[in-house]
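Numbering (our numbering), first residue to last: 363 to 490.
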C-alpha cells in the first residue's frame, strides 16, 4: 500500500475482477488524456512538443484527422522503444494502456473536439 497518510493507494490486483477494474481504469485515464489534449490544442496557449507535432501533422498533412496524426506522431518513440528492446532484450515498456493509447487516443481526441467544450475551435495554425 501507499506511504501517504491521506491516501494509502489502491489494493493490489489479485483477482480477475480487480485486474479488469484496473485495466478499465487505465483505459479511462488514457481517454481523459485524449480529451485534455483536445481541449488544450484548441486553447492553443502552450503545447507540449509531442502534442504540437500531432497538431501540425493533423492539419498540415492529414486533413484534420486526429487518429492518423496521433499514430504518425508515435513513430519516433516507437522506433526508440524498438531500439531499446533490441539493446536490452527486454519487452517491458509496453502495457495495455500504451497499446490502447496508440490505437485509440487520436480517435478520442477527435471525438472530444466535437463534443467537449464545443465553443472552443482550433486556432489558425502557422505551419512554417
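Glycine is no exception: its CB is placed at the ideal position from the N, C-alpha and C atoms.
As the structure is a prediction and not an experimental result, all values here were calculated from the model.
- Between the C-alpha atoms of residue 464 and residue 433 there is a straight-line separation of about 6 angstroms.
- Where residue 481 is concerned, there is no enclosing alpha helix (DSSP H), because DSSP gives it neither an H nor an E.
- Between the C-alpha atoms of residue 472 and residue 406 there is a straight-line separation of about 16 angstroms.
- CA-to-CA, the gap between residue 474 and residue 425 works out to about 17 angstroms.
- For residue 428 against residue 469, the beta-carbon gap comes to about 7 angstroms, under 8 angstroms, which counts as contact.
- Pairing residue 466 with residue 443, the inter-Cα distance amounts to about 19 angstroms.
- Unbroken alpha helix (DSSP H) runs of no fewer than 4 residues, entirely contained in the region 377 to 428, are found at 378 to 405 and 411 to 422, following chain order.
- Under the Cβ criterion (8 angstroms, minimum of three pairs), the region 385 to 400 counts as touching the region 443 to 462.
- Residue 380 and residue 485 have their C-alpha atoms roughly 42 angstroms apart.
- One Cα belongs to residue 395, the other to residue 451, and the distance between them is close to 30 angstroms.
- Around the beta carbon of residue 370, fewer than 16 other beta carbons sit within 10 angstroms, so the residue counts as exposed.
- If you check the CB distance, residue 409 and residue 435 do not come in under 8 angstroms.
- If you draw a straight line from the Cα of residue 421 to the Cα of residue 378, it comes to about 42 angstroms.
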